[in-house]
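Read the structure below first, then the notes.
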Amino acid sequence: MVFGVETMISPEEVPLEMAPPGKPVAKPSIFDLDSDERVKLTEACGEKGFRSRQLSEWLFTRYAGGFGEMLNLPKAFRARLAERCLDLDGTLTPVETAGEASSGTRKILSRLADGELVETVLIPAKDRVTVCVSSQVGCGFHCAFCASGLNGCVRSLTRGEIVAQVVRAARLLGRRPDRIVFMGIGEPFANYDNTLWAARRMNAPEPDGLGIGARHITFSTCGVVPGIKRFSGEGMQFELSVSLHAPTNELRDRLMPVNKHWNLDVLIPACRAYTKQTGRIITFEYTLVAGFNDGPEQARELVRLLRPFPSRVNLIPLNPVAEFSGKTPSIRTCERFRDFLMRNGINATLRQSRGRGVNASCGQLRRARSLADAGERVTEQNR
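Note that the numbering used here has the sequence shown beginning at 452, numbered continuously upward.
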């Protein structure tokens, strides 16, 4: 089985801010502002400082959709806010929600102020709700089994657009989410500054932020080594997840073009250094593809690769994508792979796919809607 993927990464050193910021919008999102900036905005609108705290409460504890809902703020203040900033509904307008009754997973497709589309996924479990957040419109890393990168990266999200996804989820839930994972569309370390700022706003105590614990916020990277190194020195207790998906360079090259830039000989030492510097354990994501990376030989190679330092492995049976020819292994094959890792000292879990019925693999719903929108435009032009 051969999976050929074309790299979309320059052979030159890749900066952490890889994607263009996108078209300028007429005004920023209210979620682009930190606490001090909201105070300055309040004062610029002719209001006293305590109004800023009221505004923050509406944003991060009451999850208001628009300035019009903030009824304890003066009407004139609300009007000035609307003149200067986008509210939640202006920042992130839901256009489609897909739900799966069997698991409770919900995927929200939203339109940004410039017309681009972004996905957010709500994943319930027994005692918590996790929100899977996007950091870019599209992705430039083009992993073979991921729909996010099929058309490349259009732009990075602003910090406010990232925060707004979680506020939107909280509004739907009626409470703040329990966990946040940057595992949606895009590579967080290719939009490093905005994603980290947004994570800190999610972590900040209410009402200046959402009050979500740092250890309940996870950054997931496809293996952008400069990002891992920089992340090591942030002094935060955010979690780190690394998409591995293959235990050898030969196999990983065929799944993940990023490996041609930062291969395992570079990535694994960076991960080991991260663990040593921070004292935190990395979770390695490993998608099991039938007949490709799910056999005894690959399990042995994975043990050899990871046993020298503490880590955990999250095994994920492939969620099929139409453009990728790989197949999902049997559950027995997945269990054998997991059991071998555990017998050999690797902490491994087997995650069952959530949301197969709602196009929950990254980028699928966005791609389907984008194709539909393109078809509608062609039909309109031909009339």
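Virtual Cβ for every residue (Gly too), placed ideally from N, Cα, C.
Values in this document were obtained by computation on a predicted structure and should not be read as measured data.
Between the alpha carbons of residue 647 and residue 508 lies a distance of about 22 Å.
Residues of the same chain with a CB within less than 6 Å of the CB of residue 649, apart from the 5 flanking positions on each side, are 610, 613 and 614 in chain order. The criterion of a C-beta distance shorter than 8 Å is satisfied by residue 596 and residue 775. With fewer than three CB-CB distances shorter than 8 Å, the stretch 702 to 721 does not count as touching the stretch 657 to 670.
Under the three-state reduction of DSSP, residue 688 is assigned to coil, being neither helix nor strand.
Membership of residue 488 in the alpha helix (DSSP H) is indicated by the continuous run 486 to 495. Considered as a whole, the stretch 580 to 663 harbours 610 to 624 and 643 to 654 as its complete alpha helix (DSSP H) runs of no fewer than 4 residues, in chain order. Annotated three-state conformation of residue 512 is coil, per DSSP. Under DSSP, residue 542 forms no beta bridge with any residue. Per DSSP, residue 750 lies in no beta strand (DSSP E) segment; the continuous alpha helix (DSSP H) that holds it begins and ends at 747 to 757. Non-local beta-carbon contacts of residue 533 in its own chain, meaning distances under 7 Å to residues more than five positions away in sequence, involve 518 in chain order.
Taking the Cβ atoms as the reference, residue 709 lies roughly 5 Å from residue 673, within the contact range of under 8 Å. The DSSP-derived three-state label of residue 477 is coil. Looking from the CA of residue 577, the closest CA among 738, 588, 556 and 521 belongs to 556.
Burial is judged here by how many other beta carbons sit within 10 angstroms of a residue's own beta carbon; residue 501 has fewer than 16 and is exposed.
Look at residue 792 here: in three-state DSSP terms it is helix. In terms of CA proximity to residue 554, 575 leads the group 608, 575 and 579. By the Cβ criterion, the stretch 729 to 743 is in contact with the stretch 777 to 786, since at least three pairs of Cβ atoms, one from each stretch, lie closer than 8 Å.
Here residue 559 is bridged, per DSSP, to 548 and 571. The DSSP-derived three-state label of residue 741 is coil. Taking a C-beta distance under 8 Å as the contact criterion, residue 571 and residue 619 qualify as a contact pair.
In the three-state reduction of the DSSP assignment, residue 507 falls in the helix class.
Within the stretch 679 to 726, the alpha helix (DSSP H) runs of at least 4 residues that lie entirely inside it are, in chain order, 700 to 706. For residue 531, the uninterrupted alpha helix (DSSP H) segment begins and ends at 526 to 535. A distance below 6 Å between beta-carbons, with the five flanking residues on each side excluded, links residue 698 to the following residues of its chain, in chain order: 749, 752, 753 and 756. Put simply, the backbone Cα of residue 535 is about 8 Å away from that of residue 479. Between residue 733 and residue 693 the beta-carbon gap is near 6 Å, inside 8 Å, which marks them as a contact. About 6 Å separates the beta carbon of residue 588 from that of residue 569, a gap short enough to meet the 8 Å contact definition. Looking at the DSSP output, residue 736 bridges to 694 and 765.
Distance check between residue 638 and each of 800, 731 and 679 places 679 closest, using alpha-carbon atoms only.
In the three-state reduction of the DSSP assignment, residue 668 falls in the strand class.
The three-state secondary structure of residue 779, taken from DSSP, is coil. Here residue 684 has 728 as same chain residues with Cβ atoms under 8 Å from its own Cβ, once five neighbours each way along the sequence are excluded.
Boundaries of the beta strand (DSSP E) around residue 798: 798 to 801.
Beyond the five residues adjoining it in sequence on each side, residue 627 comes within less than 6 Å, by CB distance, of 621 and 661 in the same chain, given in chain order.
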